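Shown next, in structure tokens, is the structure this report addresses.
Numbering (our numbering), first residue to last: 5 to 448.
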């Protein structure tokens, strides 16, 4: 009863020699996938399940990973507080400076990360990546390596942490966004120190989480055990898309990658919301960052932060929709593997799940709160267990490694517009059949 992904030995060394192992053909891979899907159906009787029972089974599969991410977020914050870093909010009294101990440690970590990314970039450019690395590769990592290296350079320059023999970075970002997706020229100069402070903080957290997951593999969920990853908010690899979210490391298919933060609107309160609120929610604007669950519970992420966040996994709201495939006449070094690499799923933070951890602190890292609590008559109508909070997350559709995350927004068409303009110009329909079934759109 696990999500099918790459074999669990894929991230470990193999005893099979190069002469004994041969890559499968496309036909063989297709047969293996078909057999795996058939076996999974036989084991779980998916076809015979009601939708309610199927959702309960999905919740069971995700529960261990949800708890693991909450614990990881809690542990890394405690780790940073132990070093004197206690700020998680922007305020006027914070000077956004680091203590002497923090400066020494953070500088060393960022320099090591910079050297590591630069080496990965050089190895990939020179074609010297080993066979095990290639077997895990599912998308071009170059955009991520370049953007992350530029982001580290930016903060090293800002704090004067670059070594004396380092080359000077070219002056840039006067009229455009930097590698964090932050536009200096159009922002309040007083906010720059705060932004750079949190940029450093997010890079350090990513390093600590990646190493924590790797060190605690024997004590973690099965899928997390085969992972060594964190996520980072940086400038998107898609032109003019603003910020995006990248996986820093490797995670197999079926891994829970991120949470959707924000206010939670139960269905019964949506139906009785003020006229102004209903009008705001009905506007066909993807920038509003509104996400609807299968049970009509809405997650409103419009005011959720993406740089100053207590839970580093609470970034799903700024994950981008995958860009349209390039035309045959076009070429781009930053073209990613085509299509979405993750999918949105409902998450229930249940009382029994949270009781599995002795510390009550992990509740603080649930990135949601109710706009209005569910009515007693509706609270357990669709839930078998007592739910502390309803939420949503993103799960990997395939193995992902050192790449930008994308999920299909599945936008509702603008019924007031002509058929050709029912969606924004940047929006590409990835599953036309599902769209037609969902919205009953008939072909002309």
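Beta carbons: idealized from backbone N, C-alpha and C, even for Gly. Just so you know, these numbers come straight off a predicted model, no measurement behind them.
Quick one: what's residue i bridged to in DSSP?
i, result
"residue 407", "251"
"residue 374", "268"
"residue 395", "351"
"residue 296", "302"
"residue 187", "181"
"residue 346", "400, 411"
"residue 324", "410"
"residue 239", "247"
"residue 263", "397"
"residue 128", "Paired residues: none, contrary to the question."
"residue 232", "254"
What does a CB cutoff of less than 6 Å around residue i pick up in its chain, not counting 5 residues either side in sequence?
i, result
"residue 2", "Coverage of the chain is limited to positions 5 through 448, which leaves residue 2 absent and any answer about it impossible."
"residue 177", "Low local confidence applies: a pLDDT of 49 at residue 177 is under 50, so the model's placement there is unreliable, with the coordinate-based value given in what follows. Taken in chain order, the residues that qualify are 188."
"residue 245", "324"
"residue 74", "366, 369"
"residue 378", "270"
Residue j and residue i - do their beta-carbons sit closer together than 8 Å?
i, j, result
"residue 213", "residue 159", "no"
"residue 345", "residue 404", "yes"
"residue 303", "residue 264", "yes"
"residue 202", "residue 406", "no"
"residue 183", "residue 238", "yes"
"residue 267", "residue 301", "no"
"residue 354", "residue 391", "yes"
"residue 273", "residue 254", "no"
"residue 310", "residue 198", "no"
"residue 76", "residue 216", "yes"
"residue 314", "residue 82", "no"
"residue 413", "residue 398", "no"
"residue 293", "residue 305", "yes"
"residue 357", "residue 67", "yes"
"residue 416", "residue 443", "yes"
"residue 125", "residue 153", "yes"
"residue 111", "residue 165", "yes"
Here's a check: name, in chain order, each residue in its chain whose Cβ is nearer than 7 Å to the Cβ of residue i, leaving out the five neighbours to either side.
i, result
"residue 328", "432"
"residue 175", "With a pLDDT of 47 at residue 175, under the threshold of 50, the modelled position of that residue is not reliable, and the figure given next carries that caveat. Nothing meets the Cβ criterion."
"residue 360", "71"
"residue 343", "326, 434"
"residue 181", "187, 239"
"residue 93", "Bear in mind that the predicted position of residue 93 carries a pLDDT of just 49, short of 50, making it unreliable; the figure below should be weighed with that in mind. 312."
Would you grab the beta carbon distance between residue i and residue j for me? Rounded to a whole angstrom, and I think it's under 8 Å.
i, j, result
"residue 146", "residue 128", "6 Å"
"residue 247", "residue 322", "5 Å"
"residue 450", "residue 162", "Absent from the structure is residue 450, since the part of the chain shown begins at 5 and ends at 448."
"residue 151", "residue 241", "7 Å"
"residue 258", "residue 400", "6 Å"
Going along the chain, which residues of its own chain have a beta-carbon closer than 8 Å to the beta-carbon of residue i, five neighbours each way excluded?
i, result
"residue 235", "210, 249, 250, 251, 252, 261, 262, 316, 317, 319, 409"
"residue 396", "263, 264, 295, 297, 303, 320, 348, 349, 350, 351"
"residue 373", "267, 268, 393"
"residue 185", "237, 238, 239, 240, 246, 247, 248"
Using a Cβ-Cβ cut-off of 8 Å, state whether residue i counts as contacting chain C.
i, result
"residue 356", "Reference to chain C is not applicable here, since this structure consists of a single protein chain."
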